[in-house]
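In mature numbering (1 follows the signal peptide of the UniProt record, and there is no 0), the protein residues as written are -30 to -1, 1 to 519.
We treat Cβ as the ideally placed atom computed from N, Cα and C, and that holds for glycine.
Each remark here refers to the structure printed beneath this line.
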């Protein structure tokens, strides 16, 4: 999983599937794909507002933007498709054999994958990744997610194309494969094993360090604060070799600037900021389509350790916030009707993992300001001067950090919460600064953030809500939620996930906000976009080709 802004985690690559309407009708007429040309876009295209890329080592980076480049350089052990099944045609693995007691997982690798230096991709590369996770510990972005390494008793290289993983106890095979084993992306052991962790940190942007890849692209250049360029891996041994000769991710730091870059032709592909949706007709040489909603959730998150907002520890207050938010109005104003309600950490589109209770709540909605007033009253908060609630001399108020270009959502949120007596003070900060503050374990000064979280294929949230979890920047802790989460790991089927998500929705450790579709503008010369964009948030430019003439 990976933190995002505006709408975080790259433990999975997703197979692109058909996206909506306009995209297909605009691209089906194109004839034979052509090779060549440069595609210029921005990090986060089809997923989130733009930002910069700051490093390229997937063992060390935690930003979804960095992961976008990394995912093009290293082929996943398991490629998860739109139906949340493993596509072995695009995976380094060719099969997983599960033992009868759900403790032994034998991973068999395809013999056709090679690194760009000609060396075969083998079990040693998978084992290298696992042992690096052990060495890095909590420094690894996905540490403890999917049971890696905590649930593993042993990982053994059986032969060059077979690995056996034995777990400490029986586990839910679907959860372990989609959330755990898929983190074991093979990396080039023959090159990387000579470096210490500190040396790897120093090489985060050194192009020479990343020259050996097995994915469809490799790094060509990196200009901090400006752009990253990638070119095809000419020795790519997988299917669907790239058509384009170069892809450039240009760092544009505000959504509005993306609009003007599209208008001027500086970029050919980028997200259309929702506030500028009415101005879309100014982009004469482009066509508009939608992707998503992203496979994740938007949220209002709090620092539970900050004594100045101790009120967020009361579930009645958090439940009141949920009922005070008119999600349908959010969707109409922010997404021009292109969005879906969301009240829990399991995405509703597609509804594959939704509990019956979650489906019912999504259908009925939760907006009920009268109930919000009642809950706040039961929590002891009385209306005070200027319409702000007070308890024991303290105001029901907090300061909200928000990334650039996202002011409309927080403003609407603040207006809704103000109607039930909650004051929201907004402070805009660069995404990297927000991320640095909330991820600093010694920082107890921030109060609230307006962000998004991308889910893994089996949507549990990883360790973001686990007591002491490596991804838990919010210091939320519930022993009951931890116990329910643990049941997901060991019980086959979906019942444990249903119970966990229902309790999450009841408790609202973060206030979940509606999930919007993403407006994307593409130059008319671009084709193959229906495969390049996954509804789950992946971007795969190897499927794009550019027509000429």
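Less than 8 Å between C-beta atoms, sequence neighbours within five positions excluded: which residues of the same chain meet that for residue 286? 345, 346, 348, 349
Within the chosen definition, does the region 435 to 448 reach the region 116 to 125 through at least 3 CB pairs nearer than 8 Å? no
To the nearest angstrom, how far is it from the Cα of residue 338 to the Cα of residue 432? 30 Å
Counting C-beta neighbours from all protein chains within 10 Å, is the total for residue -6 16 or more, i.e. buried, or is it exposed? Residue placement at residue -6 is flagged as unreliable, the pLDDT there being 35, under the threshold of 50; the coordinate-derived value follows with that caveat. Flag for residue -6 reads exposed.
Can you tell me which of 68, 91, 416, 132 puts its alpha carbon nearest to the alpha carbon of residue 145? 68
Return the first residue and the last residue of the alpha helix (DSSP H) that residue 405 is part of. 401 to 409
Taking the Cβ atom as the reference point for each residue, do residue 86 and residue 188 lie within a distance shorter than 8 Å? yes
If you pair each beta-carbon of the region 219 to 236 with each one of the region 51 to 61, do three or more pairs fall below 8 Å? no
At which residues does the alpha helix (DSSP H) containing residue 98 begin and terminate? 93 to 106
Looking only at its chain, what residues have a beta carbon closer than 8 Å to the beta carbon of residue 352, apart from the 5 residues adjacent to it on each side? 359, 360, 361
Residue 507 versus residue 71: straight-line alpha-carbon distance, rounded: 34 Å
If residue 440 sits next to residue 35, beta carbons under 8 Å apart, how far is it from one beta carbon to the other, in whole angstroms? Contact flag wrong, Cβ pair sits at about 20 Å.
By how many angstroms is the C-alpha of residue 271 removed from the C-alpha of residue 477? 13 Å
Give me the DSSP bridge partner(s) of residue 51. BP columns for residue 51 are empty, so no partner.
DSSP puts residue 220 in a beta bridge; with which residues? 197
Only counting the same chain, and skipping five residues up and downstream in sequence, which positions put a Cβ closer than 8 Å to that of residue 462? 72, 142, 143, 144
Bridge partners for residue 150 per DSSP, in chain order? DSSP, once it has assigned bridges, lists no residue as partnering residue 150.
For residue 438, tell me which candidate among 411, 427, 429 has the shortest Cα-Cα distance. 411
Please report the distance separating the alpha-carbon of residue 355 from that of residue 40. 53 Å
Taking just the CA atoms, how far does residue 93 sit from residue 31? 23 Å
Which one of 414, 376, 388 has the shortest CA to CA distance from residue 397? 376
Can you tell me whether DSSP reads residue 503 as helix, strand or coil? strand
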